[in-house]
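Chemist: Dropping the structure in here first, questions after.
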Amino acid sequence: MFILALLIGLYSYSIFFLGLAHQLFKPQLSVISILLLLFTVYISLSYRPVLLIKLFVNKLYRLNKIGTVFLFFLIAQLLINLIGSLGPELSFDALWYHLTLPKMWLSQGHLSFYPGSVFKYSAMPMLTEMLYLPALALGSEVLAKFIHYLFGILTLIVTFKLSRKYLSIHYSLLTITILSSNLVFSWLQITANIDLARTFFETLALYLFLDKKIYKSAVSLGLAASTKLLALGSLPIYWILAWRQKISFKYPIYYSLLTITILSPWLLRSYLVTGNPVYPFLSPLYTDTRISLNPTDLWTVFTRSADPVNPVYIISAPFILFFLIRQNRSRGVANLGIYTGLALFVWFITPRTGGGRFILPYLPALSVLYLLSSRGQR
């Protein structure tokens, strides 16, 4: 999965630098896309795809009845979402800037910054919007929506891999079925937003960190922050996890530097065009700064959010806490619990403008914890 994430990042940054070079035109985008496709095929062949497919099919044949039921519901949800992704775009944010800005850049042939409040986000990191540019160059916003739909599938795959560290294949399938049952997940899969891309990269960063692949985790978090700057809020979480695991002091420093390095081209562009590397944050144009410390907000987002989250998480919260207390000697489970708790705290101290969308990147870990508290460790 890390290689795939790296290829996605490479593709996005290739388009980004084309934009800086005033070369955002269909022929150049086609060449970049074809070259990346050929490189991806070359990399894939080294992983012996036929053998991997055979192993995957064999695992499907070994599923018991309950696992087959979970798989059926998962596929049904994805097919329903696929139908929605093939329709016209209705999301406000996508129509405001996720699709509109790339269309404007294509018409000009380069990445432009547009002063003022209407397109105040035109200087922000936009890794996913770069991926939408080739689709829009072909005249298809549906293809751009499909790209975001695929990020939903990638999120489910990496969540499945995370769950398999603790649970059987059958309950790992249930984990991702529960994750995909969140209405906020289904809604995002039929839009050209960016939140599923951020969720994929953030979940991959967690999976790699728990797998002790520290630098790969840092790269993944850098890609998440290049998708949405708010992902930098996860950096202190990994500092704390590194300290808890008694990892050498140099690793959190290297982790942070690597994450910022991946993000730095976007920060530098923003600084050069606005004088502020995190524009529109820390500027008068950004007015969504209300931070509520009301504890009932957590209840609201899990029960009455405008983009709904499955209430099973808040209902099972006492059982999850009890499970974590019992499992305090299991470092892997404890780290997962600490990550989830700190992630919810990070969400709690940020503005509530995103509703369920902003808590989505932390739902994969919470989904695994929910199943762990229900079934225990494998």
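Residue numbers for the sequence shown, in this note's numbering: -8 to 369.
Idealized CB from N, CA, C, for every residue including glycine.
All values reported here derive from a predicted model rather than from experimental measurement.
1) Reducing DSSP to helix, strand and coil, say where Y353 ends up.
2) Of all the options R235, P286 and L276, which has the alpha carbon lying nearest to the alpha carbon of G323?
3) Could you give the distance in angstroms between the alpha-carbon of I(-6) and the alpha-carbon of L77?
4) So, for K94: in the same chain, excluding its five sequence neighbours on each side, which residues have a beta-carbon less than 6 angstroms away from its beta-carbon?
5) For the candidate residues M117, F64, P355 and Y2, whose alpha-carbon lies nearest to that of A196?
6) Once DSSP output is grouped into helix, strand and coil, what is the label at V300?
7) From F313 to V300, what does the alpha carbon distance come to, in whole angstroms?
8) Please state the DSSP three-state secondary structure of F63.
9) Assuming I253 and S208 make a contact with CB atoms under 8 angstroms, what is their CB distance in whole Å?
10) Roughly how many angstroms separate the alpha carbons of G58 and L165, rounded to a whole number?
11) Can you give, in chain order, each stretch of the alpha helix (DSSP H) that sits fully within the segment 164 to 210 and has at least 4 residues?
12) Within 8 angstroms, do at least three Cβ pairs link the segment 65 to 73 to the segment 125 to 144?
13) Can you round the beta-carbon distance between T194 and V149 to whole angstroms, since I take them to be within the 8 angstroms contact cut?
14) Measuring CA to CA, which of S82, L46 and L(-2) is closest to S177?
15) Under 8 angstroms by Cβ, that's how I've got R189 and P352 pegged, so tell me the actual separation to the nearest angstrom.
16) Under 8 angstroms: do the segment -3 to 4 and the segment 25 to 38 share three or more Cβ pairs, one atom per stretch?
17) Determine whether the beta carbon atoms of M115 and S255 lie at a separation below 8 angstroms.
18) For W96, is the classification buried or exposed, using 16 other Cβ atoms within 10 angstroms of its Cβ as the cut-off for buried?
19) Quick check: the Cα distance between L248 and F61, rounded to an integer number of angstroms?
20) By the three-class DSSP mapping on this structure, what secondary structure does R348 have?
21) Measuring straight from C-alpha to C-alpha, what distance separates Q14 and D202?
22) According to DSSP, is G371 helix, strand or coil?
23) Please state the DSSP three-state secondary structure of G0.
24) Among V337, I316, T331 and T294, which residue has its Cα nearest to the Cα of Y174?
25) What residues in its chain sit with their C-beta under 7 angstroms from that of Y304, if we drop five residues either side in the sequence?
26) For T331, count neighbouring Cβ atoms within 10 angstroms of its own Cβ and tell me buried if that reaches 16, exposed if not.
27) Buried or exposed: where does S296 fall if 16 or more other Cβ atoms within 10 Å of its Cβ makes it buried?
28) Candidates I144, I205, L214 and V264: which alpha carbon is nearest K241's?
29) I'd like the span of the alpha helix (DSSP H) that includes M95, first residue to last.
30) Here's the rule: buried if 16 or more other CB atoms are within 10 angstroms of the residue's CB, otherwise exposed. What is K348?
31) Determine the DSSP secondary structure at P125, reduced to helix, strand or coil.
32) Going by CA-CA distance only, name the one from F339, L65 and L141 that's closest to Y287.
33) Mind checking whether L232 and A222 have CB atoms under 8 angstroms apart?
34) L220 and V269 - do their beta-carbons sit closer together than 8 angstroms?
Modeler: Reading from the atomic positions:
1) Counting from 1 along the sequence shown, the entry for residue 353 is found at position 362. Helix, per DSSP.
2) Within the sequence shown, numbered from 1, the residue matching residue 323 stands at position 332. Comparing Cα positions, the closest option is R235.
3) On the sequence shown, residue -6 is found 3 positions in, with the first residue counted as 1. On the sequence shown, residue 77 is found 86 positions in, with the first residue counted as 1. Cα-Cα distance, rounded: 28 angstroms.
4) Numbered from its first residue, the sequence shown carries residue 94 at position 103. Hits under 6 angstroms: L127.
5) Looking up residue 196 in the sequence shown gives position 205. Per the Cα distances, P355.
6) Here residue 300 refers to the residue found at position 309 when the sequence shown is read from its first residue. Correct three-state label for V300: coil.
7) Position 322 of the sequence shown, counting from 1, holds the residue named residue 313. Position 309 of the sequence shown, counting from 1, holds the residue named residue 300. If you take the alpha carbons of F313 and V300, they lie about 22 angstroms apart.
8) Indexing the sequence shown from 1 puts residue 63 at position 72. Of the three classes helix, strand and coil, the one that applies to F63 here is helix, per DSSP.
9) Along the sequence shown, one-based indexing puts residue 253 at 262. Along the sequence shown, one-based indexing puts residue 208 at 217. That pair is no contact at about 12 angstroms.
10) The residue labelled residue 58 in the question sits at position 67 within the sequence shown. The residue labelled residue 165 in the question sits at position 174 within the sequence shown. So the two alpha carbons sit approximately 8 angstroms from each other.
11) 174 to 180 and 186 to 201
12) yes
13) The residue labelled residue 194 in the question sits at position 203 within the sequence shown. The residue labelled residue 149 in the question sits at position 158 within the sequence shown. Sure, about 5 angstroms apart at Cβ, within 8 angstroms.
14) By 1-based counting over the sequence shown, the position of residue 177 is 186. When only C-alpha atoms are compared, the closest one is S82.
15) Start at 1 with the first residue of the sequence shown, and residue 189 comes out as number 198. Start at 1 with the first residue of the sequence shown, and residue 352 comes out as number 361. Correct: roughly 6 angstroms between the Cβ atoms.
16) yes
17) Within the sequence shown, numbered from 1, the residue matching residue 115 stands at position 124. Within the sequence shown, numbered from 1, the residue matching residue 255 stands at position 264. For M115 and S255, no; Cβs fall outside 8 angstroms.
18) Indexing the sequence shown from 1 puts residue 96 at position 105. Label assigned to W96: buried.
19) The residue you call residue 248 lines up with position 257 of the sequence shown. The residue you call residue 61 lines up with position 70 of the sequence shown. Distance between the alpha carbons of L248 and F61: 41 angstroms.
20) One-based indexing of the sequence shown puts residue 348 at position 357. Here R348 sits in helix by DSSP.
21) Here residue 14 refers to the residue found at position 23 when the sequence shown is read from its first residue. Here residue 202 refers to the residue found at position 211 when the sequence shown is read from its first residue. Approximately 40 angstroms, taken between the alpha carbons.
22) Since the displayed the chain opens at -8 and closes at 369, residue 371 lies outside it and no answer follows.
23) For the purposes of this step, residue 0 is taken as the residue at position 9 of the sequence shown. In the structure shown, G0 sits in a helix (DSSP, three-state: H, G or I).
24) By 1-based counting over the sequence shown, the position of residue 174 is 183. Tyr is not the amino acid found at residue 174; the sequence shown has Leu there. Checked all of V337, I316, T331 and T294; the closest Cα to L174 is T294.
25) If you number the sequence shown from 1, residue 304 lands on position 313. Only F293, L357 and Y361 meet the Cβ criterion.
26) Position 340 of the sequence shown, counting from 1, holds the residue named residue 331. Buried, by the Cβ-count rule.
27) By 1-based counting over the sequence shown, the position of residue 296 is 305. Under this definition S296 is a buried residue.
28) Stepping through the sequence shown from its first residue, residue 241 is reached at position 250. Ranking I144, I205, L214 and V264 by Cα distance to K241 puts I205 first.
29) As a first step, residue 95 must be located in the sequence shown, where it is residue number 104. Looking at the DSSP string, the run of the alpha helix (DSSP H) that includes M95 is T91 to Q99.
30) Taking the first residue of the sequence shown as position 1, residue 348 is located at position 357. Contrary to the premise, residue 348 reads as Arg rather than Lys in this sequence. Buried, by the Cβ-count rule.
31) Walking along the sequence shown from the start, residue 125 turns up at place 134. Reduced to three states, the DSSP call for P125 is helix.
32) Looking up residue 287 in the sequence shown gives position 296. Correcting the residue type first, residue 287 is Thr in the shown sequence and not Tyr. Considering only alpha carbons, the answer is F339.
33) Stepping through the sequence shown from its first residue, residue 232 is reached at position 241. Stepping through the sequence shown from its first residue, residue 222 is reached at position 231. Contact: no.
34) Working through the sequence shown from its first residue, we reach residue 269 at position 278. Working through the sequence shown from its first residue, we reach residue 220 at position 229. Taking 8 angstroms as the Cβ cut-off, V269 and L220 qualify as a contacting pair.
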